[in-house]
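These notes are about the structure you will find just below.
Protein chains: 2
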Amino acid sequence: MGKVFVLGVGMSKFAKRPEVTIETMGVEAIREAVDDAQIDPKQIQAVYCGHTWQGMSAGQRVMAAFGFSGIPVTNLENACASGSCAIREAFFSVKSDRYDICLALGVEKLTGKFSGAITPAVEDLEASLGLTFPSLYALRAHRYMETYGLTSKQLAKIAVTNRKNAYYNNKSSFGQLINIEDVLNSRMVCSPLHLYDCNPTSDGAAAAIVVSEKIAKRIGGKPLEIVGSGLTSGKFEPGFIDMTFEDMTWRAAEEAYKMAGLGPNEIDFAEVHDCFTIAEILRTEGLGLCKRGEMVRWIEEGVNEITGKKPINPSGGLLGKGHPLGATGVAQIYELVRQLRGEAGQRQIKGAKVGLAHTRGGSVTGTEGGACVVTILKGP
Amino acid sequence: MGKVFVLGVGMSKFAKRPEVTIETMGVEAIREAVDDAQIDPKQIQAVYCGHTWQGMSAGQRVMAAFGFSGIPVTNLENACASGSCAIREAFFSVKSDRYDICLALGVEKLTGKFSGAITPAVEDLEASLGLTFPSLYALRAHRYMETYGLTSKQLAKIAVTNRKNAYYNNKSSFGQLINIEDVLNSRMVCSPLHLYDCNPTSDGAAAAIVVSEKIAKRIGGKPLEIVGSGLTSGKFEPGFIDMTFEDMTWRAAEEAYKMAGLGPNEIDFAEVHDCFTIAEILRTEGLGLCKRGEMVRWIEEGVNEITGKKPINPSGGLLGKGHPLGATGVAQIYELVRQLRGEAGQRQIKGAKVGLAHTRGGSVTGTEGGACVVTILKGP
Chain A
1153 MGKVFVLGVG
1163 MSKFAKRPEV
1173 TIETMGVEAI
1183 REAVDDAQID
1193 PKQIQAVYCG
1203 HTWQGMSAGQ
1213 RVMAAFGFSG
1223 IPVTNLENAC
1233 ASGSCAIREA
1243 FFSVKSDRYD
1253 ICLALGVEKL
1263 TGKFSGAITP
1273 AVEDLEASLG
1283 LTFPSLYALR
1293 AHRYMETYGL
1303 TSKQLAKIAV
1313 TNRKNAYYNN
1323 KSSFGQLINI
1333 EDVLNSRMVC
1343 SPLHLYDCNP
1353 TSDGAAAAIV
1363 VSEKIAKRIG
1373 GKPLEIVGSG
1383 LTSGKFEPGF
1393 IDMTFEDMTW
1403 RAAEEAYKMA
1413 GLGPNEIDFA
1423 EVHDCFTIAE
1433 ILRTEGLGLC
1443 KRGEMVRWIE
1453 EGVNEITGKK
1463 PINPSGGLLG
1473 KGHPLGATGV
1483 AQIYELVRQL
1493 RGEAGQRQIK
1503 GAKVGLAHTR
1513 GGSVTGTEGG
1523 ACVVTILKGP
Chain B
1153 MGKVFVLGVG
1163 MSKFAKRPEV
1173 TIETMGVEAI
1183 REAVDDAQID
1193 PKQIQAVYCG
1203 HTWQGMSAGQ
1213 RVMAAFGFSG
1223 IPVTNLENAC
1233 ASGSCAIREA
1243 FFSVKSDRYD
1253 ICLALGVEKL
1263 TGKFSGAITP
1273 AVEDLEASLG
1283 LTFPSLYALR
1293 AHRYMETYGL
1303 TSKQLAKIAV
1313 TNRKNAYYNN
1323 KSSFGQLINI
1333 EDVLNSRMVC
1343 SPLHLYDCNP
1353 TSDGAAAAIV
1363 VSEKIAKRIG
1373 GKPLEIVGSG
1383 LTSGKFEPGF
1393 IDMTFEDMTW
1403 RAAEEAYKMA
1413 GLGPNEIDFA
1423 EVHDCFTIAE
1433 ILRTEGLGLC
1443 KRGEMVRWIE
1453 EGVNEITGKK
1463 PINPSGGLLG
1473 KGHPLGATGV
1483 AQIYELVRQL
1493 RGEAGQRQIK
1503 GAKVGLAHTR
1513 GGSVTGTEGG
1523 ACVVTILKGP
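So the protein lines, in turn, are chains A and B.
For what it's worth, this note's numbering labels the leading residue of the first sequence as 1153, then goes sequentially.
For what it's worth, this note's numbering labels the leading residue of the second sequence as 1153, then goes sequentially.
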């Protein structure tokens, strides 16, 4: 079986866009990806579309709007990890020699559907009793603070950093230059998490052209190899749960590292699922990029900043770009590609050779969720 | 790349089960499939779950109820073809050597969600103006009757045949021995389609264990090879649409035939998407199993009956089993396996060596839809 590459990427502006449909945003993203890959849209053989709440046959609707109906489309849902699953299924279908050129698409429109925190699934007992996402992550933040001496100021610094990264990202309308006081003075959502500790509601779409080695060689351009992919789900087991760690994240990472033949030390930078400031800490440590509890020092020393030794969320992450669920995972691949090609402009990480993307989604039970995906891309 | 096999199948009773959850039905189906495959549930490495309206992370919820959380689960949506896409993605992931043992799952609960015809997507302009599924298929029936001389009595005979097949299928609660008059005297839904020309609302789940050749050989049992798989979407183009044919069905079939190295003449029997009596005709002809217009004679002569030369929907199809969207495609594979192994009891087709399954789903625009899947299984 051959290697699999990302040949081109595109994304719509991530913003509150109440007047714009997923079809319009999807087409924006696909156009950029197709141009970037230097392919003719007619060459796309199959589409994998990740989304959560966009209704039946969302991928087909976007493709019809793009003007290329009649090709196989498969819609995927894994909550906040839906887009990453689109990347993963495109990867499998190219690897199994079924297709040479696939489009992985992620779309989501949240404005008009939700105001405030995203509604947990009605089936989720703990959530319906009040353990929504903000309150769950607030509990986890308290536990981490108690265990490792993390302060609210340090949490706030993550919000400041990620919004600054997004400020230099023209695909985000949420980036801004704020300071620690702005975060601490913002409205308290669920102690210790202020408004700026939470990611904003956003609409958006992202696209990636995933191809076989044969096509990558023929077309040229700047293909980046997908060297690792991991997917797992949370374990729903009774008993003690350590809220300062994510077993699920580590298991998905382990699969991806093993496939890539790489370890955490060889990852130069990562896009991780920072739905809250505390989440960036939990994921970075869960991925093994940082020892447990060490993120406190990292934040103080700026290790996770673009100029640091292990930049996290150079795109601005979910905190800085917002989080249109299905689009998020594909947008992470967009950032990995831009960084690895040296095309990230003012937020460029120097000498980045290997990047990792991490999303997780679904049920809020304990520290576990419905799905966690880790993808590793290697530079040219 | 190795061959891919279905090693075991299971399904819940298809019925109106308002008091039962998808978790309960899913577990019923998985238990039977696991027993049938003679594997330990712990051997399942990944799950693909097809469903349409069961909310976020449905597959994860079913697996947690089954007591095996922590393994990768991917949810797929392609309207009425969702379950078939679960089979297809399991097929790809085994073929690409990622996993050796996958579970393809389909679940859907419709009672309590819908009464009467399924609501078309809100985004579908024609449907919201009245071109719902019954009215679309009524138009197609009129056109076919006009072109090929089909009568209401002949349509009714399909309803009689499929409900009789289902009567001998203990997995269906809808099977019954009715006659042509019963159909013609049933309430008119949309002329020329009577109530019995339409499939009933149903709840249900189905499961299939999809494995690599290595596992099939090691475990033994009665593995059946997936020799062909095709997926396509409808073309949304302006201009004349021939409502008596399905280009989309033919394109999906063509892909599957090509992969299998088989033609329509080598297919011994088929499960096709008979959401309405007229639909069985359109699909059988669309698949090339029968020449265009020839189904009129087939019905008269009973060619499509279990004792005929080319049995269609021996399980009872959607008309006889009901149509729990996500579960339907996997339940078709259940029937193919039972028939090819000679385990279909009173509805057994003699000497069946190759079976085909066909689903289609999504938007009602013209004769095209959002997705069409064709799968071909070969006997031992």
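Where is the CB? At the ideal position from N, CA and C, for every residue including glycine.
Predicted model only: the values in this text are computed from it and were never measured.
{"Check": "Is residue 1355 of chain A helix, strand or coil when you go by DSSP?", "Outcome": "strand"}
{"Check": "Within the present structure, is the beta-carbon of residue 1488 of chain B separated from the nearest heavy atom of the ligand HEM by less than 7 Å?", "Outcome": "The ligand HEM is absent from the structure shown, which contains no ligand whatsoever."}
{"Check": "Report yes if the C-beta distance between residue 1259 of chain A and residue 1206 of chain A is below 8 Å; otherwise report no.", "Outcome": "yes"}
{"Check": "With a CB to CB cut of under 7 Å and the five nearest residues on each side skipped, what residues in its chain are close to residue 1124 of chain A?", "Outcome": "The shown model of chain A, from 1153 to 1532, leaves out residue 1124 of chain A, and the question about it has no answer."}
{"Check": "What residue range is occupied by the uninterrupted beta strand (DSSP E) comprising residue 1425 of chain B?", "Outcome": "Neither: residue 1425 of chain B is in no beta strand (DSSP E) and is coded neither H nor E."}
{"Check": "Please tell me whether residue 1227 of chain A has its Cβ less than 8 Å away from any Cβ of chain B.", "Outcome": "yes"}
{"Check": "Can you give the Cα-Cα distance for residue 1197 of chain A and residue 1251 of chain A, rounded to whole angstroms?", "Outcome": "6 Å"}
{"Check": "Less than 8 Å between the C-beta atoms of residue 1482 of chain B and residue 1256 of chain B, yes or no?", "Outcome": "yes"}
{"Check": "Can you give me the Cβ contacts of residue 1486 of chain B inside the same chain, cut-off strictly under 6 Å, excluding the 5 residues immediately before and after it?", "Outcome": "1161, 1163 and 1358"}
{"Check": "For a quick check, are the C-beta atoms of residue 1235 of chain B and residue 1480 of chain B less than 8 Å apart?", "Outcome": "yes"}
{"Check": "Rounded to the nearest angstrom, how far is the Cβ of residue 1384 of chain B from that of residue 1400 of chain B, given a contact under 8 Å?", "Outcome": "6 Å"}
{"Check": "Quick one: is residue 1340 of chain A buried, meaning 16 or more other Cβ sit within 10 Å of its Cβ, or exposed?", "Outcome": "exposed"}
{"Check": "With 8 Å as the threshold, decide whether the Cβ of residue 1209 of chain B is near any Cβ in chain A.", "Outcome": "yes"}
{"Check": "Spell out whether any CB of chain A is found under 8 Å from the CB atom of residue 1384 of chain B.", "Outcome": "yes"}
{"Check": "Return the residues of the stretch 1478-1509 of chain A that lie within a Cβ-Cβ distance of less than 9 Å from chain B, sorted by chain order.", "Outcome": "none"}
{"Check": "In terms of residues, what are the limits of the beta strand (DSSP E) holding residue 1509 of chain B?", "Outcome": "1506-1513"}
{"Check": "Over the uninterrupted alpha helix (DSSP H) stretch that includes residue 1337 of chain B, give me the two end residues.", "Outcome": "1332-1337"}
{"Check": "Report the three-state DSSP secondary structure of residue 1475 of chain B (helix, strand or coil).", "Outcome": "coil"}
{"Check": "Who are the near neighbours of residue 1320 of chain A in its chain, counting only those whose CB is closer than 6 Å to its CB and skipping five residues on each side?", "Outcome": "1498 and 1499"}
{"Check": "Could you run through the stretch 1213-1226 of chain A and flag, in chain order, every residue whose CB is less than 8 Å away from some CB of chain B?", "Outcome": "1213, 1215, 1216, 1221, 1222, 1223, 1224, 1225 and 1226"}
{"Check": "In whole angstroms, what is the alpha-carbon distance linking residue 1409 of chain A and residue 1440 of chain A?", "Outcome": "11 Å"}
{"Check": "What residues of chain B sit near residue 1248 of chain A, judged by a beta carbon separation below 9 Å?", "Outcome": "1153, 1243, 1244, 1245, 1246, 1247, 1248, 1249 and 1250"}
{"Check": "Taking 8 Å as the CB-CB cut-off, is residue 1401 of chain A touching chain B?", "Outcome": "no"}
{"Check": "Within a Cβ cutoff of 6 Å, which residues of the same chain sit near residue 1218 of chain A, ignoring the five residues on either side of it in sequence?", "Outcome": "1179 and 1182"}
{"Check": "Quick check on residue 1370 of chain A: buried or exposed, where buried means 16 or more other Cβ atoms within 10 Å of its Cβ?", "Outcome": "exposed"}
{"Check": "Find the residues of chain A that neighbour residue 1387 of chain B, judging by a C-beta separation of less than 7 Å, and give them in chain order.", "Outcome": "1221 and 1222"}
{"Check": "Let's test the definition: count the other Cβ atoms within 10 Å of the Cβ of residue 1190 of chain B and tell me whether it reaches 16, buried, or not, exposed.", "Outcome": "exposed"}
{"Check": "Hey, does residue 1176 of chain A have any beta-carbon neighbour from chain B nearer than 8 Å?", "Outcome": "no"}
{"Check": "I'd like to know whether the C-beta of residue 1523 of chain A is nearer than 8 Å to at least one C-beta of chain B.", "Outcome": "yes"}
{"Check": "Starting from residue 1256 of chain B, follow the beta strand (DSSP E) in both directions and report where the run begins and ends.", "Outcome": "1253-1260"}
{"Check": "Could you check where the alpha helix (DSSP H) with residue 1316 of chain B kicks off and where it finishes?", "Outcome": "1304-1319"}
{"Check": "In chain order, what residues of the same chain lie with their CB nearer than 6 Å to the CB of residue 1505 of chain B, ignoring the 5 residues before and after it?", "Outcome": "1420 and 1531"}
{"Check": "Looking at C-alpha atoms only, which residue of A:1295, A:1386, A:1379 and A:1448 is the closest neighbour of residue 1415 of chain A?", "Outcome": "A:1379"}
{"Check": "At a cut of 8 Å, does the stretch 1425-1441 of chain A reach the stretch 1449-1469 of chain A through at least three beta carbon pairs?", "Outcome": "yes"}
{"Check": "Per DSSP, what are the beta-bridge partners of residue 1364 of chain B in this structure?", "Outcome": "B:1156"}
{"Check": "Cutting at 6 Å between CB atoms, please list the residues of its own chain near residue 1156 of chain B, excluding the five before and the five after it.", "Outcome": "1243, 1246, 1247 and 1378"}
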